[in-house]
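Chemist:
Numbering (this note's numbering), first residue to last: 65 to 369.
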């Protein structure tokens, strides 16, 4: 009889753990994903944006390629071109747009909110790939755009917010949306390990000429200040963002948590805004906070089944 309370306690802890684990992993993914905008703030003072991204892409290849060869992972025969195009859009185009915008002074929280409209844009462009859009989704698009407009208006007088930086974020948004739709239509299934190698290799080919021409890149990376902050930001970008967060996303999907992950992804903008407020003092006034909430509501209208 004396063992019953202990057994009940153990059972309760086990039940609590079983309940919390499915919630904790997606939340952890969102937390990691949101740090991407913060890392840009840390790394960009010491290297031009395209040079930083080039080093990030190279770092991923240095780590993943040997693992792929050792594990003998299957290469996507017949899908190289499609996977490369998707990677160029979702890696090179998206990241270059965001990082160049932040380099020009775009607040991290605002950049996260603008590109966070990607699920709305993708859903509303669904007819292009043979999918229907419900009236509620159009309402969600309206709310999403209204939320972004409110936040931009609230921040329009802040130093660093320029037309160029906004356009770069919009370019990143369009690039990610196009890449997502292209991959969904032309190469929805491929081995994650080898497919990631193909995508980052293709991104290097695209980013390298621009880094050479616009940023004075040379073989010695003399345009980089190899400080502790820069190395830390680079390692975080490679290990946590480009490898860890992506692999965690697919692991969650395999655990049938895809819906939960998708829903939590839309918490990236407010999560990033809170991080930026804590670390860089990027404050939102009441209008900006209201706009952020309206944007989140809009996305919920679009993605909720």
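Glycine included, C-beta positions come from ideal geometry on N, C-alpha and C.
Compare the C-alpha of residue 338 against each of 150, 159, 176 and 116 and name the closest.
Modeler: Within the chain shown, residue 338 is the residue found at index 274, counting from 1. Of the listed residues, the one whose Cα sits closest to residue 338 is 176.
Chemist: Considering only residues of the same chain and omitting the five flanking positions on each side of residue 354, which have a CB-CB separation below 7 Å?
Modeler: Counting from 1 along the chain shown, the entry for residue 354 is found at position 290. Once the five neighbours on either side are set aside, the close Cβ partners of residue 354 are 214.
Chemist: Quick check: what's the CA-CA separation for residue 260 versus residue 105?
Modeler: By one-based count along the chain shown, residue 260 stands at place 196. By one-based count along the chain shown, residue 105 stands at place 41. Residue 260 and residue 105: Cα-Cα distance of roughly 25 Å.
Chemist: Select from 153, 245, 279 and 225 the residue whose C-alpha is nearest the C-alpha of residue 235.
Modeler: Working through the chain shown from its first residue, we reach residue 235 at position 171. Nearest C-alpha to residue 235: 153.
Chemist: Which of helix, strand or coil does DSSP assign to residue 341?
Modeler: The residue given as residue 341 occupies position 277 in the chain shown. DSSP places residue 341 in helix when its eight states are reduced to three.
Chemist: Using the C-alpha atoms, what's the distance from residue 308 back to residue 89?
Modeler: The sequence position of residue 89 within the chain shown is 25, counting from 1. The sequence position of residue 308 within the chain shown is 244, counting from 1. Those two C-alpha atoms are separated by around 12 Å.
Chemist: Determine, using beta-carbon pairs with one atom in the segment 233-248 and one in the segment 95-115, whether at least three such pairs fall under 8 Å.
Modeler: With a cut-off of 8 Å, the segment 95-115 and the segment 233-248 do not count as touching, because too few Cβ pairs lie within range.
Chemist: Pick helix, strand or coil for residue 251, following the three-state DSSP scheme.
Modeler: Along the chain shown, one-based indexing puts residue 251 at 187. Three-state result, residue 251: coil.
Chemist: Check residue 331 in the structure and name its three-state DSSP category.
Modeler: In the chain shown, the residue the question calls residue 331 occupies position 267. Here residue 331 sits in coil by DSSP.
Chemist: Any beta carbon of chain B sitting closer than 8 Å to that of residue 161?
Modeler: Protein chain content of the structure displayed is limited to a single chain, and chain B is not contained in it.
Chemist: How about residue 120 and residue 312: are their beta carbons less than 8 Å apart?
Modeler: Start at 1 with the first residue of the chain shown, and residue 120 comes out as number 56. Start at 1 with the first residue of the chain shown, and residue 312 comes out as number 248. No. Outside cutoff.
Chemist: Nearest-angstrom Cα distance between residue 320 and residue 310?
Modeler: Taking the chain shown and counting its residues from 1, the one referred to as residue 320 is at position 256. Taking the chain shown and counting its residues from 1, the one referred to as residue 310 is at position 246. For residue 320, the pLDDT reaches just 49, beneath the cut-off of 50, and the residue's location in the model is therefore unreliable, although a value from the coordinates is still provided. For residue 320 and residue 310, the distance between alpha carbons rounds to 16 Å.
Chemist: Expressed to the nearest angstrom, what Euclidean distance is found between the alpha-carbon atoms of residue 127 and residue 344?
Modeler: As a working note, residue 127 is residue 63 in the chain shown. As a working note, residue 344 is residue 280 in the chain shown. C-alpha separation (whole angstroms): 31 Å.
Chemist: Measure how close the beta-carbons of residue 180 and residue 333 come, nearest whole angstrom, since I'm counting them as under 8 Å.
Modeler: Here residue 180 corresponds to residue number 116 of the chain shown, with the count starting at 1. Here residue 333 corresponds to residue number 269 of the chain shown, with the count starting at 1. That pair is a contact at about 4 Å.
Chemist: Once the 5 residues before and after residue 363 are set aside, which same chain residues still bring their CB inside 7 Å of it?
Modeler: Along the chain shown, read from residue 1 onward, the residue named residue 363 stands at position 299. If we look at residue 363 and ignore the five residues flanking it on each side, its Cβ neighbours are 183, 184, 204, 208 and 330.
Chemist: By the 10 Å Cβ neighbour count, where 16 or more other Cβ atoms means buried, how is residue 99 classified, buried or exposed?
Modeler: As a first step, residue 99 is located in the chain shown; it is residue number 35 there, counting from the start. Classification of residue 99: buried, given that the 10 Å Cβ count is 16 or more.
Chemist: Where does residue 285 fall in DSSP's three states?
Modeler: Residue numbering aside, residue 285 sits at position 221 when the chain shown is read from its first letter. In the structure shown, residue 285 sits in coil (DSSP, three-state: anything other than H, G, I, E or B).
Chemist: In whole angstroms, give me the CA-to-CA distance for residue 256 and residue 138.
Modeler: Position 192 of the chain shown, counted from the start, is the residue given in the question as residue 256. Position 74 of the chain shown, counted from the start, is the residue given in the question as residue 138. Going from the Cα of residue 256 to the Cα of residue 138 covers about 10 Å.
Chemist: Ignore the nearest five residues each way along the sequence and tell me which others in residue 358's own chain have a CB closer than 6 Å to its CB.
Modeler: The sequence position of residue 358 within the chain shown is 294, counting from 1. The residues are 207, 210 and 211.
Chemist: Measuring only the C-alpha atoms, how far is residue 324 from residue 247?
Modeler: Indexing the chain shown from 1 puts residue 324 at position 260. Indexing the chain shown from 1 puts residue 247 at position 183. Legend: pLDDT at residue 324 = 45, less than 50; position of this residue unreliable, value from coordinates given subsequently. For residue 324 and residue 247, the distance between alpha carbons rounds to 21 Å.
Chemist: Within the same chain, show all residues whose beta-carbon is closer than 6 Å to that of residue 243, passing over the 5 residues directly before and after it, in chain order.
Modeler: Here residue 243 refers to the residue found at position 179 of the chain shown. Closer than 6 Å at Cβ, skipping near neighbours: 150, 153 and 154.
Chemist: Expressed to the nearest angstrom, what Euclidean distance is found between the alpha-carbon atoms of residue 135 and residue 172?
Modeler: To locate residue 135, count along the chain shown from 1; it is residue 71. To locate residue 172, count along the chain shown from 1; it is residue 108. Roughly 38 Å separates the two Cα atoms.
Chemist: On the premise that residue 118 lies in contact with residue 295, defined as a C-beta separation below 8 Å, what is that separation, rounded to the nearest angstrom?
Modeler: Locating residue 295 in the chain shown gives position 231, counting from the first residue. Locating residue 118 in the chain shown gives position 54, counting from the first residue. Rounded, the Cβ-Cβ distance is 15 Å, inconsistent with contact.
Chemist: Out of curiosity, what's the CA-to-CA distance linking residue 251 and residue 264?
Modeler: Along the chain shown, read from residue 1 onward, the residue named residue 251 stands at position 187. Along the chain shown, read from residue 1 onward, the residue named residue 264 stands at position 200. Their backbone Cα atoms lie some 16 Å apart in a straight line.
Chemist: Rounding to the nearest angstrom, what Cα-Cα distance links residue 351 and residue 178 in this structure?
Modeler: What you label residue 351 is simply residue 287 of the chain shown in a count that begins at 1. What you label residue 178 is simply residue 114 of the chain shown in a count that begins at 1. Cα-Cα distance, rounded: 16 Å.
Chemist: Taking the straight line between their C-alpha atoms, what separation do you get for residue 110 and residue 191?
Modeler: Within the chain shown, numbered from 1, the residue matching residue 110 stands at position 46. Within the chain shown, numbered from 1, the residue matching residue 191 stands at position 127. Answer to the nearest angstrom: the Cα atoms are 43 Å apart.
Chemist: Beta-carbon within less than 8 Å of residue 217's beta-carbon, same chain only, minus the 5 sequence neighbours each way: which residues are those?
Modeler: Mapped onto the chain shown, residue 217 falls at position 153. Hits under 8 Å: 351 and 355.
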